[in-house]
Structures are given as C-alpha cells and as structure tokens.
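Participant:
There are 2 protein chains.
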Amino acid sequence: MRRGENNGVVPTYTDLMNDDSRLAAARRLDAEDPLAPYRLLFEGHDDDAITAYLDGNSLGRPLSATIGRLTAFVRDQWGGRLIRGWDEDWLQLPQQVGDRIGRITLGAGPGQCVVADSTSVLLYKVIRAALALRPERSEIVIERDNFPTDRFIVEGIAADRGLSVRWVEADHDAGPTPEGVSRVLSRDTAVVVLSHVAYRSAHIADMEAITRQVHDAGALIVWDLSHSVGSVPVHLDACGADFAVGCSYKYLNGGPGAPAWAYVAQRHQTDLSQPIQGWLGSADPFGMGSGYQPAEGIRRMVSGTPPILGMLALQDMLDVLEDAGMDAVRAKSVRLTSFAVDTVEELMGSYGVTIASPRDPDQRGSHLTIDHPEFRTMLSDLWNDGVIPDFRNPDGLRLGLSPLSTSFEETFIGIRAIAEKLQANLLD
Amino acid sequence: MRRGENNGVVPTYTDLMNDDSRLAAARRLDAEDPLAPYRLLFEGHDDDAITAYLDGNSLGRPLSATIGRLTAFVRDQWGGRLIRGWDEDWLQLPQQVGDRIGRITLGAGPGQCVVADSTSVLLYKVIRAALALRPERSEIVIERDNFPTDRFIVEGIAADRGLSVRWVEADHDAGPTPEGVSRVLSRDTAVVVLSHVAYRSAHIADMEAITRQVHDAGALIVWDLSHSVGSVPVHLDACGADFAVGCSYKYLNGGPGAPAWAYVAQRHQTDLSQPIQGWLGSADPFGMGSGYQPAEGIRRMVSGTPPILGMLALQDMLDVLEDAGMDAVRAKSVRLTSFAVDTVEELMGSYGVTIASPRDPDQRGSHLTIDHPEFRTMLSDLWNDGVIPDFRNPDGLRLGLSPLSTSFEETFIGIRAIAEKLQANLLD
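Listed in order, the protein sequences are those of chains Z and D.
Quick note: the first sequence uses my numbering, first residue 1, plus one each step.
Quick note: the second sequence uses my numbering, first residue 429, plus one each step.
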C-alpha cells in the first residue's frame, strides 16, 4: 500500500522520493516488456558508472556486436580483401544499406534510399535537387523552430540562389501543423523543409496531410527524419513524400558522426540532378572518362567515396530493428515516454517543471523535453553522476528514451536523480 | 654470379625469370632498409593469401593497432562516455587531427587544416570558397588529365555559376607543368585546380612554381593532394598555397571511405565562406539560435556532425608517420619505385611494356603505372592469385608502393607474377 493513499492526503514530495512504489512499477513494466531482452545486446547496459542514459535520441548506445563486426571488418575485409573489397561488396553498400533503412524503418520501396555524407551535406544536395525540379518558383518554406542545421542550410541556399525564405511560425514547441504550413504556401513555394519529429519537443508532424497540402500548392517536400528513423514508423511511399534525409547516429546506433541517408521518390529520379557531382555518383566512375554522366537512379545522389567503416555499426542496429519490428519498437517507445511523463509530473510537477512535449502519445516521438530555469546549471553535475540527459535552450532537459536500449527502471532512476538534484538546488 | 654476366650475353627473359639475383637484391634492400620494421605493424603482412599488395596508393593497409583503437573506442568512448564524448573530445577532433596531418605531412602550421566530408564534397566547398574570393573573375582552370571527381566537380560548379572551364592540355601522363598552366592563365582566371601527384602517372607537379604563376595572374590555387599526403612531403605554407584537399584512405591508411581533409591558408580565413553552412561550422552550434554565424577560422569549413569513428584509423597512421619521419618515408618511396622501374624493365621490357611514370624519381610519387594492351584482361587472374595492383584506363596496371607497408621483396614478387602472367598470355 502506498503511503498517503489510505487517508486521502496527497503525498508530499519527500514521501514520493522515498517511495518505492514507482520503482516497483518500473520494474514490473520491464518484466512485462517483450522487448526487454534486447537491452542486453547493448554495450554498457551493466556499467555501474552509467546510472541512466537518457540521450539515445542524440547518440544511440553501441551494440556489443559492433565490436566484433569492426574487428572482423578490419582483419578480413579491409585487411584481407584490400582494394578488391570495393568490387566485391563495398561499392554497393550505400544502396544496399539504404534499401534496408527504407524497408525496415521508412516504408520506402527499394531503389529510393542511399547512405552518404552527413545530414547537413545531404540536406544541401536534396534541397538543391528539389529546387532544380521547380525552377520557376522563388521561395523555400521552413519552420522557425526547425533544427539549426536545416535552417542554416536553407538560408545559405536561399542567399546563394536569390530565393526567399518563408517561415512557418509555430507556437514554441508545437511543431509544424497543417494549418501553420497552409498559411505560408503559395504559388511561389518551390520546396518545403520540415522535421517530422521536432528535435526539442518530439512533436510529430502530420506527414500525410502536410505532404498533400504541399503537393496541392505545386511544391515539393523535404522531410528531415533524424529524430524519427528507428523509433517512429514512417510511411514515405504511402504519404507520397518527395525527399527525405536523416542521420544514423541516433536510433540507428551508427556511432558518433556516422553517415546520413537520403530518400528520393522514384518518380523524381529520372530528372534528378544535384550540385556535388562527384565520381562515385557518375555512371562509370572507373571509366575515368571526360564529362560527368549521372548514374541511374538514387546512386546519383552519391558524391565521394562511400564511408564504408562508418556504415558498419548501423547495420547491426538494422538487424536488431528488423528482428524486433518497428511496430513493437513504437509501442515500447509510447509506453516509455508515457511512463516518463507520469514520473516527471509526480516527482517534479510541484517544483514548476513543465513538459514541453505533447501529452498525446500519438503526437510524441521517443524523447521528452522538460523545462525548468534551474536545469542549465544542473547538467554538469548530473553527467558527473552518470545521469545523462542533454540540455536544449532555453531551459530544457531532453530525455531520450531509446526503445530497445532504455529500460523503465533506468528511466525512473534517471528522472528521480534529476528530481533530487532539482530539490537540492532549490533548497540550496 | 648472375647467369649471363660472365660471357657478355644479354640474359634471356626466361633466364631472368628463373634467376634469383633480383630476388636476392630485393631481400638485401629490405635488410638494409631502416624502415623495414614498420611493415610488421600492418595487418596482413604475413597473410599467405596476399602474395603482393601493390595498391596501397588506392587503399592503404590497416595497422594492427587500429583494431585495438576501434574496440577501445566503442567500449570506453562511445559506450562509456556516450554523449559526453562530444564535449570532452570529439568536437575538437576535426581540427586536432587536421593540425596533425598538416604538421606531419603537409608543411602546414596549426589552424589551417580540418577533417570532414569526402574529398569530392570538400573539393566542392573549397572551390566555391575560392571563387567567392574572386567574384569578378569568370574562369576555372583545371588539367584535362586530372582525376575524374576533380573535373566533374569543377564542371558542375562552372555550369551552375555560369563560369567557363579552361583546360590545361598535357601530354598524356605528363602532369601539369608550369608551361602548360601559364598558357591558359589570364585576367579572367579565378581558381586553378590541380593534382600535385597525378593519379595515373604519379608525376609530381612543381607546386612552388605553379602556385607563384597562379598568384602572378591574380588567381587562387586549389591543390588536390590525395596521392601525395603521407608519401611525398608537401610544403603548403612555404609554397604559399591557398587551398588544398586530400583523402585519408591512401597513404594515411584511414580505411575504405575514411573522411577527407582540407587546408585553407590563414590569410584567407577571415573572409572565408562556403556554401554548405551546417550547424557544426557555426559559431555556437548548441546555442540553437537563429541565423548562421560562421565559426572563427578553419572550423567554418565543417558542415555536419564530424565522422568520429571514421577518423580513428588515420590517427594510428599519423603516429607511425610521425615516428618514421616524412623525409625517411620519401627516401624509401624513391628506392621502392626505382627498384620497381628497374624490375619492370628487366622482366617485361622485351614484351613491349612501357612505363607511364617519370623516370626521374624527383618527378615521381609513390606509385608506378605500366602499360600493355594485355593488362586489362589479366587483372582478375592476378587478384585471384593474391597479386593486387589496380587497373587504370586505357591499359595501365598501377603499382602503388606504400613506403611503410610495402617491402622490396613484395614488390619483386608482385612484378614477377605480372611478368609471368603476361608471358603466359602472350604465348597462349
């Protein structure tokens, strides 16, 4: 029986902090979680120095299998096949891994995804490719709260090409809505650049409705799926999306700075051009001939030599995601974030902590941002204690709950540690 | 005593093939080579399936230390520090590793080199940055025989910006000469893009003289050092070079698709702009503010999240190059390619094999291209036998002799195997 329940008195904060009932609930949720065994596949799940890792949305934990894959690759592939590896396997990897990302996580049929570059570089290439398909139009639309690199890249392209930027104004943390987007679309709109899951609030945009609106206006859409891929199922083909990009170091666990990927709908590929026309996106790179002829299909989005070493770890995660299934991953994600919302409210609501993320789990990705003016000064102490969320301006702690590597108990312990630190700071 | 020497008769081809004297000479050269022990540091040096690896100029062998570094990184850094690694170390790595590449191999003072992207993407960014410094000029100069990606990138930029391309015409395999470059320079020349070591012939361009000519014409130069870095010492600062780029998977042994690096002379950094203005080249990436403000200095060449995993292996090679010293590396390279020239002439000269590379070792990088119409059909058999050169159109076998991982004996055995295969094919 929980203290405070028997007499109708609301439990005091201190009561709750000492109360084991929510910890017990977390453990019960873990015991009932069909995906719980996957957590054992990740490095550091039993590392005492990591009390709670709440930033899998920024950098996913490594799978232990990745160590073996890297070692075997260096010895047998790079060291053993040497230059022959390019002909035997590696040259096809950008498309093969791209196809797997598309099939397992994006609802994208084959031949539409490719791994290359960084998200920023691919955003540049994809937005330029989209603009080239709407040469008579003069505006790029982007949301005011979109991730900085998306905004910076768009502003750079617009300045360079003599185009205008039109901003989707959103209430802070609301994310782009069909209504907000419709207000700025016009017959001048060439390309719309939006994030599917907002980097701060985790708000999920209505991809299907917004894509339809953009098409009704005669424009093209570029979706940034960095915070979606591997945690929120996406249906690019079914939504009729034009272009998408995303990173692989968050829920695809590719490692720090792992390469990005791009999606280009089949119907746009025939006329596709992009500005960085490097040899490995050409039709016959080893012909060494004169004049660039683009490769057929999605391959032409490639510029330089594909980052093979950088593509290894994410293949391990694709194996695991395929095995678990994206619907089950999403179900766990919803349970984790819902549990986190409840725990934050219970432990920190009375201290003025607010939740910037949507309450409706259908509108929420796999992380949660909670706001309090004290959080900025707390981060470093939390990190020293092995409690690892990240901080996002102006005063948000962002709690990333990676469905396959985060447990309910870890989530509770992390939030409790934050609450304790906040309480101590406020009483200081 | 060598057969054929005692009676003044020139030895027959078959004699030489059966003659152990050149093999003995190779072994003697290995025994006298002060850098020979470094070869033991590389994976596969004792692998019976690799008879002779003659393509270190295309993909350098892995160092055995790299396996340990990757494993430790995944466990302790990525797995143990998690997102904290960015603040603690990783964010600075592009500049730290860049500075080391500059100091050890390029004759570049600190703050001028950075690791990022692929060579193709960095070429695009650097050429665009150079053009922005010469906005009133209308031509890009590039050599007709430059590597395909350099030509393709330049042609793409020129078409996009409404600029002209002027071609330095060279005799096939001669490489760019001061005379050839001077013929196309004019007051319209904005930027000149040349390779220092030619990818096919290994011809070394006169960096100092050509850079001076380009400056005298009021233009800027971009040097592609992909085939130089780590094998031919370069003196970027002393030559007054403006920009340079290069890859790290050849003589820097960074692994297949390892990231590239760029050099921007200090004097150009204040006004430097580049078109892919991503968040990690901005002044305050984690401020998440509005409007891109470029970071100070070379950092602004960065666009996306730095490829940390991809930067690990090349750090091992930098350790080794620093220990050996670039002058000693170059001396070994000259001995290796000179030995290879002699061996090719002795074993294959009578079969019409010609050497496309310069005879003067001062004009020759660390690889050798030999031409014969039969070579195209021989490559696959050679690879199956563990004899691994590569092929370059129209009829060249390219023998890359990586100074720290290639032995004289390996060089001899590889060339002998090519000679035997050629003899068999011609007699077939």
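Glycine is no exception: its CB is placed at the ideal position from the N, C-alpha and C atoms.
Can you tell me which of the three DSSP states Z:Glu410 falls into?
Facilitator: helix
Participant: Taking only runs of the beta strand (DSSP E) that begin and end inside the segment 569-650 of chain D, which ones reach a length of at least 3 residues, in chain order?
Facilitator: 592-596 and 617-623
Participant: The alpha helix (DSSP H) with D:Ala558 in it runs from where to where?
Facilitator: Thr547 to Ala560
Participant: Are the C-beta of Z:Cys239 and some C-beta of chain D separated by less than 9 Å?
Facilitator: no
Participant: Which residue comes first and which comes last in the beta strand (DSSP E) that contains D:Gly824?
Facilitator: Gly824 to Gly828
Participant: In the DSSP output, which residue or residues are listed as bridge partners for Z:Gly246?
Facilitator: Z:Trp261
Participant: Quick one: using the 10 Å Cβ neighbour count with 16 as the cut-off for buried, is Z:Leu427 buried or exposed?
Facilitator: exposed
Participant: Going along the segment 373-393 of chain Z in order, which residues come within less than 7 Å of chain D, judged by CB to CB distance?
Facilitator: Trp383, Ile388, Asp390, Arg392 and Asn393
Participant: Can you tell me whether Z:His367 is helix, strand or coil according to DSSP?
Facilitator: strand
Participant: Less than 8 Å between the CB atoms is what I'm expecting for Z:Gly230 and Z:Leu252, so what's the real figure, rounded?
Facilitator: 5 Å
Participant: Is there at least one Cβ from chain Z nearer than 9 Å to D:Tyr862's Cβ?
Facilitator: The question about residue 862 of chain D has no answer, for chain D in this structure spans 429 to 856.
Participant: Comparing the C-beta of Z:Arg61 with each C-beta of chain D, is any distance below 9 Å?
Facilitator: yes
Participant: Quick one: what's Z:Ala116 bridged to in DSSP?
Facilitator: Z:Ala260.
Participant: Can you tell me where the alpha helix (DSSP H) with D:Phe767 in it begins and where it stops?
Facilitator: Met754 to Met776
Participant: Please state the DSSP three-state secondary structure of Z:Thr51.
Facilitator: coil
Participant: Does any C-beta atom of chain Z lie closer than 9 Å to the C-beta of D:Val542?
Facilitator: Output row for D:Val542: interface = no.
Participant: Would you mind stating whether Z:Ile276 and D:Val549 have Cβ atoms separated by less than 9 Å?
Facilitator: yes
Participant: Quick check on Z:Glu143: buried or exposed, where buried means 16 or more other Cβ atoms within 10 Å of its Cβ?
Facilitator: buried
Participant: Near D:Phe840, which residues of its chain fall below 7 Å by C-beta distance, leaving aside the five closest residues on each side in sequence?
Facilitator: Arg450, Leu451, Ala454 and Thr771
Participant: Quick one: residues in its chain with C-beta nearer than 6 Å to the C-beta of Z:Leu29, no 5 flanking neighbours on either side, listed in chain order?
Facilitator: Same-chain partners within the cutoff: Phe408.
Participant: Assuming the contact rule is C-beta atoms closer than 8 Å, D:Leu622 and D:Ala633 should be a hit. Round their C-beta distance to whole Å, please.
Facilitator: Contact flag correct, Cβ pair sits at about 6 Å.
Participant: Does the separation of the CB atoms of Z:Cys113 and Z:Leu123 fall below 9 Å?
Facilitator: Judged by beta-carbon spacing, Z:Leu123 lies beyond the 9 Å limit of Z:Cys113, meaning their Cβ atoms are not closer than that value.
Participant: What residue range does the alpha helix (DSSP H) around D:Phe803 cover?
Facilitator: Phe803 to Asn812
Participant: What residue range is occupied by the uninterrupted beta strand (DSSP E) comprising Z:Arg392?
Facilitator: Looking at the DSSP string, the run of the beta strand (DSSP E) that includes Z:Arg392 is Asp390 to Arg392.
Participant: In chain Z, which residues lie with their C-beta within 7 Å of the C-beta of D:Phe580?
Facilitator: Gln277, Gly278, Trp279, Ser282 and Tyr292
Participant: Given a cut-off of 9 Å on the beta-carbon distance, is the pair Z:Arg166 and Z:Ser186 in contact?
Facilitator: yes
Participant: Run the CB neighbour count on Z:Gly287, radius 10 Å, all protein chains shown included, and call it buried at 16 or more, exposed below.
Facilitator: exposed
Participant: Can you tell me whether DSSP reads Z:Gly281 as helix, strand or coil?
Facilitator: helix
Participant: Check whether chain Z comes within 9 Å of D:Tyr677, counting only Cβ atoms and requiring the distance to be less than that.
Facilitator: yes
Participant: Are Z:Ile67 and Z:Leu318 closer than 9 Å when you measure CB to CB?
Facilitator: no
Participant: Exposed or buried, which one is D:Gln523 when buried takes at least 16 other CB atoms within 10 Å?
Facilitator: buried
Participant: Could you have a look at Z:Glu139 and say whether DSSP puts it in helix, strand or coil?
Facilitator: strand
Participant: Taking the straight line between their C-alpha atoms, what separation do you get for D:Arg728 and D:Ala686?
Facilitator: Roughly 20 Å between the two C-alpha positions.
Participant: Look at the alpha carbon of Z:Lys421 and the alpha carbon of D:Phe501, and state the distance between them as a whole number of angstroms.
Facilitator: 31 Å
Participant: In the DSSP output, which residue or residues are listed as bridge partners for Z:Thr71?
Facilitator: DSSP output for Z:Thr71 lists no bridge partner at all.
Participant: What's the C-alpha gap between D:Ile783 and D:Leu510?
Facilitator: 52 Å
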